[in-house]
């Protein structure tokens, strides 16, 4: 059903290939979530927490380059070693290859920090990769710049901490934390400008399945709001036929409400009482059976 709904919504040029890609990449009960936001907004923290909570697979640029053995990994690393920007098409192909693995299909996936722009979002869609929920973490630029300077990384668990906002209580964890190779303040400002320039286009594409969450609040509140959102099911935009049943005692207004609903939404109003009276008037076999009840005043 979900595949047919998306087929009607997106109307792809090649519907057969689109359905094949959908069946390869989708298990309707598994989470399909994108976690987006500017640098230092907490994407990694949220994505890792969701993976643990939902038993899903976390996919990020770092995992694709350094933890996965994929056909295109070597090509992507070559760009990285030459300090060149990895093309959007290559990123999309890497993600498509990874999401086609059995673990992602069965357990679902959390895609962290991608897409960053309109072109990347379109490439994902054309590959049949359509998230069910898109979480966008938001915070003022001044807060993000301050966060960036205090980030610390646990090399064992890969969890991200902060010297001011989120310091671990375990002394052993504190001792092994390292300072990641993060952006300088100038580079951070440039990245934020780029994010603000590109994000409105991404918002337009995912606006019906997207929720912005304030990341400038206690971590537990952010995670609670994210979990509440990703556990909701969106109403489909695909065509559907409404079927409505009005019940209630005599005089409760069933007939009036049914008539108003039928007029507003252009649906057929079927009144059981009227159907029975018509059957009696037309002297059908059913009408002869119900006529004694109608004559005796039964509804």
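In this note's numbering, the protein residues as written are 68 to 366.
Using N, Cα and C, we set each Cβ at its ideal position, and we do this for glycine too.
Query	Result
Cβ pair count under 8 Å reaching 3, the region 115–127 against the region 170–178	yes
Close beta carbons around residue 353, own chain, < 7 Å, minus the five adjacent residues each side	346
Separation of residue 362 from residue 312, as counted between CA atoms	26 Å
Pick from 168, 206, 163 and 329 that is closest to residue 191, judged by C-alpha positions	163
For residue 179, three-class secondary structure by DSSP	strand
Three-state class that DSSP yields for residue 239 in the structure shown	helix
Identity of the residue in 291, 248, 167 and 238 nearest residue 202 by Cα	291
Residues bridged to residue 193 [DSSP beta-bridge criterion]	Looking at the DSSP assignment, residue 193 forms no beta bridge with any residue, so it has no partner.
Residue(s) in a DSSP beta bridge with residue 278	202
Test item: CB-CB of residue 258 and residue 105 under 9 Å	yes
Cβ shell of residue 112 (< 6 Å), same chain only, five flanking positions each side left out	227
Residue 149 versus residue 142 - alpha carbon distance	11 Å
Cβ-Cβ distance between residue 334 and residue 309 below 9 Å	yes
Residue 220, enclosing beta strand (DSSP E) - first and last residue	218–220
CA-to-CA distance, residue 336 to residue 321, given in whole angstroms	11 Å
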